[in-house]
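Okay, structure first, notes after.
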Amino acid sequence: MPKKVSIKDVAKAAGVSISTVSNALNGVDVVTDKTRSKVLAIAKELNYVPNYMGRQLKSGKTKMIGFYTKSIDPPYFSTVADTLARELSQRGYGLNIMMSHHKEDIIRQILGGTIDGLIGFDEILNRHDIARIEKSGLKTVLMDRQLSAPNISSVIFDSVSMGMEVTEYLIFNGHKKIGFIKGFDGVYDSDCRVAGFMESMKKNQLNVNRQWIYEGGFIEEHTYDATKEWLIKVPELPTALIAGNDSSAIGALRAFKELGINVPNDISLIGFDDIPLLNYIHPKLTTYHLPIIEQGKVAVAQLFDMLENNQQGTIIELGGHLVLRDSVKNIKEVLE
Numbered sequence: 001m002p003k004k005v006s007i008k009d010v011a012k013a014a015g016v017s018i019s020t021v022s023n024a025l026n027g028v029d030v031v032t033d034k035t036r037s038k039v040l041a042i043a044k045e046l047n048y049v050p051n052y053m054g055r056q057l058k059s060g061k062t063k064m065i066g067f068y069t070k071s072i073d074p075p076y077f078s079t080v081a082d083t084l085a086r087e088l089s090q091r092g093y094g095l096n097i098m099m100s101h102h103k104e105d106i107i108r109q110i111l112g113g114t115i116d117g118l119i120g121f122d123e124i125l126n127r128h129d130i131a132r133i134e135k136s137g138l139k140t141v142l143m144d145r146q147l148s149a150p151n152i153s154s155v156i157f158d159s160v161s162m163g164m165e166v167t168e169y170l171i172f173n174g175h176k177k178i179g180f181i182k183g184f185d186g187v188y189d190s191d192c193r194v195a196g197f198m199e200s201m202k203k204n205q206l207n208v209n210r211q212w213i214y215e216g217g218f219i220e221e222h223t224y225d226a227t228k229e230w231l232i233k234v235p236e237l238p239t240a241l242i243a244g245n246d247s248s249a250i251g252a253l254r255a256f257k258e259l260g261i262n263v264p265n266d267i268s269l270i271g272f273d274d275i276p277l278l279n280y281i282h283p284k285l286t287t288y289h290l291p292i293i294e295q296g297k298v299a300v301a302q303l304f305d306m307l308e309n310n311q312q313g314t315i316i317e318l319g320g321h322l323v324l325r326d327s328v329k330n331i332k333e334v335l336e
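Using full-length UniProt numbering, the letters of the sequence shown map in sequence onto residues 1 to 336.
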């Protein structure tokens, strides 16, 4: 059986001290970039694997950050998880994805002493659960709700304003009969986007037809099924439909195509997120671009401000912008 490579072997091969190797592997600033690169290259060449258990016992740190969610299936979540993993790796930390539909399982993992900090995205945990985490002293960044406390920050999208801007764009293009495919009730971004839609409709003195609002859950398949059911029941179509995210927009578009409803000639459609998958969707979907990668980067930066600089929790809101493509029809001339 081959001998396991030790930190001493890496130090000898690199011609530096054991403490220098340790500092290089842990990203400590006292090591120059040239020395760090050299140590990392030799460690990789020798297949050196750090003793994380020993490191934890010595430093009191796990060098792991938790990320809890119910699922990483929708494109948004996979993009966030990938961004978090990349950002944390640059800081010498790993990402522990805590995925479960059972709240207590996630809470046990969070409070089990296996992570140094937490990033969360899912309404599976309520305010009482978050209060338990805050009381434990674990530094936490939330990406699914607006909340701050000494140990908790939020990095969120300004979803109310976004919902208003999307609605105003449709109204500008002559649409007055507008519907909304929302996420599940209680989901922060969905609730806020619907609130923005409602506010804009009220401001423009337009009627909100409740028959044109239905639940897609931010999930393509769920929206596909819900849209087919909705089309059977609804006596009249709106001229435009806002989907709570791009996955829902794609699900609705599939249902429309199957039933011979043309987008945008029969109904206009607009989403949120601007996921890469839209490059392969026809017609090209007009959407609201969300800085998802930036959100992940800011969440990590904010977490380490709390971990390393003792910064108090705060709320950071990120904006976005409309991406105009081919799924919204200007019906001003038709109405006039």
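Here a beta-carbon is modelled for each residue, glycine too, at the ideal position from N, C-alpha and C.
Nonlocal neighbours in the same chain, by C-beta distance under 8 angstroms from residue 79, ignoring five residues either side:
275, 292, 293 and 296
Enclosing beta strand (DSSP E) for residue 123 [first to last residue]:
Where residue 123 is concerned, there is no enclosing beta strand (DSSP E), given that its DSSP letter is neither H nor E.
Pair within 9 angstroms by beta-carbon distance, residue 35 and residue 24
yes
Can you name, in chain order, every residue of its own chain whose Cβ lies under 6 angstroms from the Cβ of residue 200, other than the five neighbours on each side?
164, 167 and 168
How far does the alpha helix (DSSP H) with residue 338 in it reach, from first residue to last?
Any answer about residue 338 is impossible in this case: the structure gives the chain only from 1 up to 336.
Quick one, are the C-beta atoms of residue 179 and residue 226 less than 9 angstroms apart?
no
Does DSSP put residue 207 in a helix, a strand or coil?
coil
Residue 317 and residue 122 closer than 9 angstroms at C-beta
no
Got a sec? Which residues, its chain only, sit under 7 angstroms from residue 305 by beta carbon, not counting five neighbours each side?
311
Cβ-based neighbour list, residue 230, same chain, cut-off 7 angstroms, excluding 5 preceding and 5 following
214
Residue 307 to residue 139 span [Cα, whole Å]:
7 angstroms
Distance between residue 81 and residue 355 (C-alpha atoms, nearest Å)
With the chain covering only 1 through 336, there is no way to say anything about residue 355.
Could you give the first and the last residue of the continuous beta strand (DSSP E) run that contains residue 240?
240 to 243
Going by DSSP in three states, residue 20 sits in which element: helix, strand or coil?
helix
Inter-residue spacing [alpha-carbon to alpha-carbon] between residue 187 and residue 235:
29 angstroms
Of the listed residues 193, 173, 135 and 238, nearest to residue 156 (C-alpha basis):
193
Just to confirm, are residue 106 and residue 68 a CB contact at a threshold of 9 angstroms?
yes
Residue range of the unbroken beta strand (DSSP E) whose run includes residue 153:
152 to 157
Buried or exposed: where does residue 21 fall if 16 or more other Cβ atoms within 10 Å of its Cβ makes it buried?
buried
Please classify residue 89 as buried or exposed, where buried requires at least 16 other C-beta atoms within 10 Å of its C-beta.
exposed
Check the DSSP bridge columns for residue 118 and list the partner residues they point to.
66 and 140
How many angstroms separate the CA atom of residue 170 from the CA atom of residue 228?
23 angstroms
To the nearest angstrom, how far is the alpha carbon of residue 325 from that of residue 209?
26 angstroms
With DSSP run on the structure shown, which of helix, strand or coil describes residue 231?
helix
Select from 149, 70 and 134 the residue whose C-alpha is nearest the C-alpha of residue 314.
149
Restricting to Cα atoms, I'd like to know which of 95, 76 and 75 is closest to residue 84.
95
Shortest alpha-carbon distance to residue 254 belongs to which of 224, 279, 273 and 266?
224
Where does residue 180 fall in DSSP's three states?
strand
Environment of residue 298 [buried if 16+ CB atoms lie within 10 Å]
buried
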